[in-house]
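So in the working numbering, spot 124 of the sequence shown is number 189, and the numbers just go up one at a time.
This report concerns only the one structure given below.
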Amino acid sequence: MPMPKEQDITRDTASNTVDNTASNGAPNSSNKFVLPGDFIGTTEEFRAGAQTYEKTGGVYAAIAGTARVNTARRLVSVIPCTDTPPILKKGDVVIGQIVGLRDSLAMVTIAGAKDVVDREIPNVGSAVVHVSNVKRGYVKEIAHEFGIFDILKAKIVDLQNMRLDTSEPEMGVMKALCSNCRTPMVRHDSKLKCPECGRIETRKLATGYRTGII
Ligand code: ZN
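Here it is, written out as structure tokens:
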């Protein structure tokens, strides 16, 4: 009688297991939506995995996505959400990151949308804010209103061309990094001040600047 072939190759799948369950019903910090520069944990708790970086004892998100913790390896990664079909429409409020500035427009990578941020993040790619959509009144230079890597809250005014508008008070920059040292800036009267190097910059600020409330 032939013996069954040995096909049961033991694989160590444990090391690939991503623990994203909250079996005890506690708030599950391992599945948190994060934005670039958000603090995820300390380097004592975690090692920095994909799409994260370490800085002064902390592990931070390098991109927008979902923070996942591999508890077996104490490794934290940020998973970009790329498989969700676009579900946006004109008038929707989106969250994005400034990735480029030109004379008359800012280029934005959309990271999420209001009311869907906690569920799925639509991957709708790029959008622009034309200089005429930045704020009410005259904009001398778009670089005085937005900075590279800023996190923006904006309303879709043209879905076909993915044009965004930040002229309403609650729209605009939600989080800004110092252009000198990349530290998140704090409000200082109507401007922003870097708590690290003291640099003062201007932005078209959203009323919810750094409240974390979208
Ligand atoms: Zn600075």
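For each residue, glycine too, the CB sits at the ideal point set by N, CA and C.
Within its own chain, the residues whose Cβ lies closer than 6 Å to the Cβ of residue 169, once the five positions on either side in sequence are excluded, are 196, listed in chain order.
Under the three-state reduction of DSSP, residue 208 is assigned to helix. In this structure, the C-beta of residue 121 stays at least 7 Å away from each heavy atom of the ligand ZN. Non-local beta-carbon contacts of residue 122 in its own chain, meaning distances under 7 Å to residues more than five positions away in sequence, involve 107 and 108 in chain order. The stretch 99 to 118 and the stretch 128 to 135 touch, with no fewer than 3 CB-CB distances between them shorter than 8 Å. Excluding its 5 nearest sequence neighbours in each direction, residue 114 has C-beta neighbours in its own chain below 6 Å: 140, 141 and 142, listed in chain order. Straight-line spacing of the CA atoms in residue 226 and residue 250 works out to 31 Å. Per the DSSP secondary-structure output, residue 166 pairs in a beta bridge with 171. Nearest neighbour of residue 278 by Cα position, chosen from 165, 235 and 211, turns out to be 235. In this chain, the beta strand (DSSP E) harbouring residue 239 covers 237 to 240. Ranked by how close their Cα comes to the Cα of residue 242, the residues 232, 233 and 259 have 259 in first place. Shown here, residue 197 sits in a helix according to DSSP, grouped into three states. The closest CA to that of residue 272, considering only 166, 136, 200 and 154, is found on 200. Within the DSSP bridge table, the entry for residue 133 names 142 as partners. Minimum Cα-Cα distance from residue 232 among the listed residues 207, 247, 253 and 224 corresponds to 207.
If you look at residue 252, you'll find it in the beta strand (DSSP E) that goes 251 to 253.
With the criterion CB distance below 6 Å from any heavy atom of the ligand ZN, the matching residues run 243, 245, 246, 248, 259, 261, 262 and 264 along the chain. Counting only the Cα atoms, residue 119 lies some 36 Å from residue 198.
In this structure, the straight-line span from the alpha carbon of residue 216 to that of residue 137 is close to 32 Å.
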